[in-house]
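The sequence shown: position 258 = 258 (the numbering used here), numbered continuously.
From the three backbone atoms N, C-alpha and C, an ideal C-beta is built for every residue, glycine too.
Predicted model, so just to flag it, every value in this text is computed and none were measured.
Notes to accompany the following structure.
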Amino acid sequence: MKSYNNLWQEFTSFKNIFNAYKKARKSTPNKKYILQFTTNLEKELFLLQDQLISENFQFSPYRSFKVYEPKERTISAPIFRDVVVQHAIINIIEPIFDKTFIDNSFACRKGKGTHKGLFEIKKVIQTPNHPKYYLKQDVKKYFPSVHKPTLKEIIFKRIKDARLLSLIYKIIDSYSFDLNQIQKGIPIGNLTSQLFANIYLNHLDQYVKHSLKIKHYYRYVDDFLIFSNNKRKLHVFRRKIKLFLSKELLLDVPKNKTYINLVSKGVDFLGYKVFPSNIRLRKSNLKRFLLRQNKNNFLLKKNQISKLNYNFSLFSFLGYAKHANSYNLLSTLNINEL
1 MKSYNNLWQE FTSFKNIFNA YKKARKSTPN KKYILQFTTN LEKELFLLQD QLISENFQFS
61 PYRSFKVYEP KERTISAPIF RDVVVQHAII NIIEPIFDKT FIDNSFACRK GKGTHKGLFE
121 IKKVIQTPNH PKYYLKQDVK KYFPSVHKPT LKEIIFKRIK DARLLSLIYK IIDSYSFDLN
181 QIQKGIPIGN LTSQLFANIY LNHLDQYVKH SLKIKHYYRY VDDFLIFSNN KRKLHVFRRK
241 IKLFLSKELL LDVPKNKTYI NLVSKGVDFL GYKVFPSNIR LRKSNLKRFL LRQNKNNFLL
301 KKNQISKLNY NFSLFSFLGY AKHANSYNLL STLNINEL
């Protein structure tokens, strides 16, 4: 296994930090913090560089808040300058780890994403001799359950630069969902958590592909699918994967979210229900959109929402819906020509 040392100079270069700033500016929704940082941009970037080079940089506390759609979650958002540092780290280590990932891992990767994942699932399901059964599984409370020492151990196998590792470990140790379990949990809302999530479950991906030798395996974050014509094999795979997750990664599988079913009944994945003959929108997503749209219609009439924000919400749904066979639905909703 190839490992990488002497990354510090490239990481702390002004070029890398400036590129990280540009990425952070695009990814940070709070414009006020960007404006404050950008007002004295050169000064801020050189200060950041000096703090990193001298190893005096300290991450600030997170700003935590709850979101309730599609389910209740606690989001922990770092301040803007910390986002810049996270991007600077990602610039260096993501290419190192990404080349080790399997093709069918789709979350938060260049050239991948939900639509690429949907395309690959369609290729399997919408063929004349498609597999008869599928196994769908996920990980119970994935982000709060990531075992920090195990994650560090996995990262250490590739990254040997002690100073960069120290900074990465600071991020890993910077947050816990439960103060009684400080060895577990990476924050939802951190850019680095997206990469760490892929690094952690890549261990599972390699086991599935090389030890279990499963051909049709697809993962998005902690949701994964396996296809087979042999239902009994899927039961065996389910047990072996559960044991591997528990033993090697200290993760658990929720009973009510693990099932084996016929492909002909539709495969619920990535927000869609994929059938051999068509693709439908997930009912819960459609219901949520209709409720939001009714609310936005009311707010628009009362001039309590701008036309720009109204259209943004609508076009976001249309972008999602266009990947399904939804023409009749959109016609019914009277939004086909918007």
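How many Å lie between residue i and residue j at the Cα?
i      : j      : result
Glu40  : Lys15  : With the sequence shown as reference, residue 40 is identified as Asn, and Glu is not the correct amino acid for it. Near 17 Å, if we compare the C-alpha coordinates of Lys15 and Asn40.
Ile155 : Asp98  : 12 Å
Arg288 : Asn294 : 10 Å
Thr114 : Tyr220 : 8 Å
Phe196 : Lys184 : 13 Å
Asn325 : Leu135 : 24 Å
Lys160 : Val263 : 45 Å
Arg292 : Asn303 : 16 Å
Thr100 : Thr38  : 36 Å
Lys110 : Val139 : 24 Å
Tyr217 : Leu225 : 6 Å
Gly319 : Val274 : 17 Å
His235 : Tyr4   : 39 Å
Asn19  : Lys26  : 11 Å
Asp222 : Ser316 : 24 Å
Pro276 : Lys123 : 10 Å
Val146 : Ile214 : 24 Å
Cys89  : Glu10  : It should be pointed out that residue 89 corresponds to Ile in this sequence rather than to Cys. One C-alpha to the other measures close to 10 Å.
Thr150 : Leu249 : 7 Å
Phe80  : Tyr169 : 19 Å
Ile93  : Tyr200 : 14 Å
Leu299 : Tyr327 : 27 Å
Lys247 : Ile241 : 10 Å
Leu389 : Val253 : This structure leaves residue 389 out entirely; the chain is present only between 1 and 338.
Ile172 : His323 : 36 Å
Ala77  : Phe65  : 8 Å
Leu314 : Leu251 : 38 Å
Leu308 : Lys301 : 14 Å
Gly271 : Lys265 : 16 Å
Lys22  : Arg239 : 45 Å
Ser166 : Ile34  : 27 Å
Lys157 : Asn198 : 15 Å
Ile279 : Gln36  : 46 Å
Trp8   : Phe57  : 14 Å
Ile17  : Asn6   : 17 Å
Asn285 : Phe237 : 30 Å
Buried or exposed: residue i, going by 16 or more other Cβ atoms within 10 Å of its Cβ?
i      : result
Pro128 : exposed
Lys32  : exposed
Tyr175 : buried
Asp178 : exposed
Asn190 : buried
Leu164 : buried
Pro95  : exposed
Ala162 : exposed
Ile182 : exposed
Phe312 : exposed
Leu245 : buried
Gln137 : buried
Ser193 : buried
Lys112 : buried
Lys148 : buried
Leu281 : buried
Pro61  : exposed
Tell me, please, which residues DSSP counts as bridged to residue i.
i      : result
Asn261 : Tyr134
Val84  : Answer is none; Val84 lacks a bridge partner.
Ala77  : Arg63
Phe269 : Tyr272
Tyr4   : Ile159
Ser54  : Its beta-bridge partners do not exist; DSSP assigns none.
Ser246 : Bridge partners of Ser246: none, in fact.
His115 : His115 pairs with nothing; no bridge assigned.
Ser105 : Arg219
Assess contact between the segment 197-207 and the segment 117-136, defined as three or more Cβ pairs (one per stretch) separated by less than 8 Å. Is contact present?
no
Validate contact between the segment 73-91 and the segment 35-49 using beta carbons, cut 8 Å, 3 pairs:
yes
Pick out the complete beta strand (DSSP E) segments inside the segment 275-327, 3 residues or longer, and give them in chain order.
279-281
Using 8 Å as the cut-off, can you tell me whether the segment 49-67 makes contact with the segment 107-122, which would need three or more C-beta pairs spanning the two stretches below that distance?
no
If you pair each beta-carbon of the segment 60-76 with each one of the segment 99-107, do three or more pairs fall below 8 Å?
no
Which runs of the alpha helix (DSSP H) spanning at least 4 residues fall entirely within the segment 157-235, listed in chain order?
162-172, 191-206
Is it true that the segment 259-278 meets the segment 230-246, where meeting means three or more beta-carbon pairs spaced less than 8 Å apart?
yes
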